[in-house]
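Under the working numbering, the first residue of the sequence shown is numbered 2, with each subsequent residue one higher. Right, one structure below, let's go through it.
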Amino acid sequence: MFEVTGESVLTLYGANVTGAPTSALLVISQTALSETALSALEKSAASLEFGAAPLALLIAESPEGSVGAEDVRTIVEGLDPVALVTADAFAAELLSAAYRVPVTLDAPNRLLGRTAVIFEDFEALMETPETKQRAWALLKKLR
2 MFEVTGESVL TLYGANVTGA PTSALLVISQ TALSETALSA LEKSAASLEF
52 GAAPLALLIA ESPEGSVGAE DVRTIVEGLD PVALVTADAF AAELLSAAYR
102 VPVTLDAPNR LLGRTAVIFE DFEALMETPE TKQRAWALLK KLR
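In structure tokens, the structure reads:
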């Protein structure tokens, strides 16, 4: 697991992972995110100054295949992002299983020294200005 590099993660898991091997923020989602949700996460990563290639995206269940908990751990450790975001409860459970620790939904968490913001349903938070503000408040905890 610790011999996997960011480049090899993109090669091995290219059907499920997009982004740069140097991305500082990894977003994990069960399925593809809507344009609105993805745009909000990209803008948040830029606002939080996560660098030139701020965001990598792991889609756990893509048409090309699915990843399990051990795959998620390999991907996270290979990319070695500064912070993590899960976009839904499925992704939260997958991350929890990967690291064998419980996570708290709709709250910031710590996983092996990384800040992780664990959303139960990020997409639903994009529906109103009030819930967008709740999402942004949590995302600011990634700093």
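Just so you know, even glycine gets a beta-carbon here, dropped at the ideal spot from N, CA and C. Every value quoted in this text rests on a predicted model; they were computed, and no experiment measured them.
| Asked | Found |
| --- | --- |
| So, with DSSP's three-state summary, where would you put Ala38? | helix |
| Please return the same chain residues whose Cβ sits closer than 8 Å to the Cβ of Ala33, not counting the five positions on each side in sequence. | Ile60, Ser63 |
| Could you tell me whether the segment 46-56 touches the segment 101-118, using the rule of 3 or more Cβ pairs below 8 Å? | no |
| By Cβ distance, which residues of its chain are closer than 6 Å to Thr149, with the 5 residues on each side in sequence left out? | Summary: the structure shown does not reach residue 149, with the chain confined to residues 2 through 144, and so no result is reported for it. |
| Using C-beta distances below 7 Å, list every residue in its chain close to Ser24, excluding the 5 sequence neighbours before and after it, in chain order. | Ala54, Pro55, Leu56, Ala57, Leu80, Pro82 |
| On a CA-only basis, which of Leu85, Pro130, Ala21, Glu94 is nearest Val68? Give me that one, please. | Glu94 |
| Could you have a look at Glu65 and say whether DSSP puts it in helix, strand or coil? | coil |
| Within this structure, are the beta carbons of Ala98 and Ala117 separated by less than 7 Å? | no |
| Based on the DSSP output, what are the partners of Ser30 in its beta bridges? | Ile60 |
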